[in-house]
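J.:
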Amino acid sequence: MKNVIITSFILALVLSSCADKSQAPAPPPPVLPVAAITSENTTTDNEYPASIQGTVDVEIRPQVSGNLDRVLVDEGAYVSKGQTLFKINERPFREQLNNALASLHAAEAALINAQLEVDKLTPLVQNKVVSDYQLKTAKASQKIAAANIEQAKAMVASAKINLGYTNVTAPVSGYIGRLPKKQGSLVSATDIEPLTTLSDVHEVFAYFSLGETDFINFKSQYAGNSIGDKIKKLPPVSLILADNNAYPQKGKIDMVDGQFDKNTGAITLRATFPNANGTLRSGNTGRIRLGLQHDDAILVPQSATIEMQDKVFVFTVSKDNKVTKMPITVVGKSGTNYLIKEGVKSGDQIVLSGIDKLQEGQVIQPEKASTKVAQITNKK
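Residue 89 in the working numbering is what sits at position 89 of the sequence shown, and the numbering runs on without skipping anything.
If you want it as structure tokens, here you go:
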């Protein structure tokens, strides 16, 4: 009997506890900031990988073969146009010049002899002492001697050119690259590897590519009947360096390739940047930041979105204050905001923050505010 009484008492306590829990009030819905989406004109910044080259990137190669007597520059040095960079042993080429000069002198002497022979035979032929045939033969020899002089002069000029090639000079002003050949090396015009490279980087070219869709959008932004007309109206572009900092000077797009690359389906554009201080060098990489104008664009703050499985979502709010996780299609960025193509429209209410703990269909208490997403965007 005692056991029955105790069991009944415990059962009554459990039932009483369950009744108290079932009657506990539900927690209030969370208060979250909500704003209406509006459309406005904006500019998005798209970035494209770019490779940087000097306005002139030239390989310095020997024009004659020989031993490298002297290397007169160091790697990375700045040189001026016409400055001597390398000196090839000139002795063989100077002897070739001397030999050519000797041949020229011999040809000049032969011409004098031929002229003397003509002068001797001319009066004899006139007095019919000798036949006309001998005079004609002498005149032919004279022409051969004159031609030999011209040939000898050409040999002298060629020898002088080859001798000049032993003095390797800078064709433009710029910065010297690596020096794989050292003093005493045997160099030749047929060498695969150049003596060095020389880059003129007072201005640099940044080459980047646009896909077909991006290029169509790019062309539609600016007035003009031709690409040349559109290029003249393009705004300056920015160069983002490898450290994610922007290059301090703006560049100008001045070239569009004549055709798309069949392998990549992209077209190459070129932007020119001033580089008076030599900050940029050939071989640098970066990103071209290109601004595109969008009319009546839908903007959503990035802080109001959540990414799941490579998709971007926002939480829209219905009239009964229930939230719905809505996938959106992002086509670009403008500052701290996403440019939306699909998923939401102007006038939709979205939750601005606190979305990481929201569930589909959850009821919230919208924070009363007349501020719209576009206004928030402008403040940011």
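The beta-carbon is built from N, C-alpha and C at its ideal position, and this holds for glycine as well.
1. In the DSSP assignment, what residue or residues form a beta bridge with S51?
2. Would you call the CB atoms of T97 and V56 closer than 9 Å?
3. What is the rounded straight-line gap between the Cα of T279 and the Cα of I267?
4. Spell out the partners DSSP gives T43 in its beta bridges.
5. May I have the straight-line CA-CA distance separating T213 from L358, to the nearest angstrom?
6. Do K252 and A271 have their CB atoms nearer than 9 Å?
7. Within 9 Å (strictly less), CB to CB, does V363 reach chain C?
8. Just to check my reading of the structure: F86 and L195 have Cβ atoms closer than 8 Å, yes? What is that Cβ distance to the nearest angstrom?
9. Use the C-beta contact count for A107: other C-beta atoms within 10 angstroms, 16 or more gives buried, fewer gives exposed.
10. Looking at C-alpha atoms only, which residue of F315, I340, P274 is the closest neighbour of N41?
11. Can T197 and I52 be called in contact, C-beta distance under 9 Å?
12. For the segment 28-39 and the segment 294-311, state whether three or more C-beta atom pairs, one from each stretch, are separated by less than 8 Å.
13. Using CA atoms only, rank isn't needed, just tell me which of V256, I227, F273 is closest to L241.
14. Could you tell me whether the Cβ atoms of N321 and Q365 are closer together than 9 Å?
15. Is the separation between the beta-carbon of I288 and that of L239 shorter than 9 Å?
16. Output needed for R61: all residues of its chain with C-beta closer than 8 Å, excluding positions within five of it in sequence on either side, in chain order.
17. Where I350 and L269 are concerned, what is the direct C-alpha to C-alpha distance, given to the nearest angstrom?
18. Output the boundary residues of the alpha helix (DSSP H) element that contains V64.
19. Just to confirm, is the Cβ distance from V58 to S199 under 9 Å?
20. In or out: H105 buried (at least 16 other Cβ within 10 Å) or exposed?
21. Skipping 5 residues on each side, what residues in its chain have a beta carbon closer than 6 Å to that of G354?
22. Who are the near neighbours of T324 in its chain, counting only those whose CB is closer than 6 Å to its CB and skipping five residues on each side?
23. Can you give the Cα-Cα distance for E75 and K182, rounded to whole angstroms?
24. Closer than 8 Å by C-beta to R70: which residues in its own chain qualify, once you throw out the five before and the five after it? Chain order, please.
25. In three-state DSSP terms, what is D214?
26. Does S209 pass the burial test, meaning 16 or more other C-beta atoms within 10 Å, or should it be called exposed?
27. If you draw a straight line from the C-alpha of L352 to the C-alpha of A304, how long is it?
28. Below 8 Å on the Cβ atoms is my contact criterion, and I expect Q115 with Q142 to pass it. Report the Cβ-Cβ distance as a whole number of Å.
29. Are the CB atoms of S80 and S173 nearer to each other than 9 Å?
30. Once the 5 residues before and after Q63 are set aside, which same chain residues still bring their CB inside 7 Å of it?
31. Going by the CB atoms, is the gap between S282 and G66 shorter than 9 Å?
32. Would you call the CB atoms of A138 and L121 closer than 9 Å?
33. What's the call for I328, buried or exposed, on a 16-neighbour Cβ count within 10 Å?
34. In chain order, which continuous runs of the alpha helix (DSSP H) of length 4 or greater are located wholly inside the segment 333-362?
35. Whose C-beta lies closer than 6 Å to the C-beta of K21 among residues of the same chain, with five residues either side of it excluded?
36. Roughly how many whole angstroms lie between the Cα atoms of G347 and P28?
T.: Answer, in terms of the structure:
1. Y207, T285
2. This sequence places Leu at residue 97; Thr is not what is there. No.
3. 27 Å
4. Q293
5. 36 Å
6. yes
7. Included in the structure is just one protein chain, with no chain C present.
8. 6 Å
9. buried
10. I340
11. no
12. yes
13. F273
14. yes
15. yes
16. A189, D191, P194, L195
17. 39 Å
18. Note, V64: premise wrong, no alpha helix (DSSP H); not H, not E.
19. yes
20. exposed
21. L32
22. T316
23. 12 Å
24. F86, K87, Q183
25. helix
26. buried
27. 5 Å
28. 6 Å
29. yes
30. Y165, A189
31. no
32. yes
33. buried
34. none
35. Bear in mind that the predicted position of K21 carries a pLDDT of just 49, short of 50, making it unreliable; the figure below should be weighed with that in mind. Counting only Cβ-Cβ distances below 6 Å, and skipping sequence neighbours, we find nothing.
36. 27 Å
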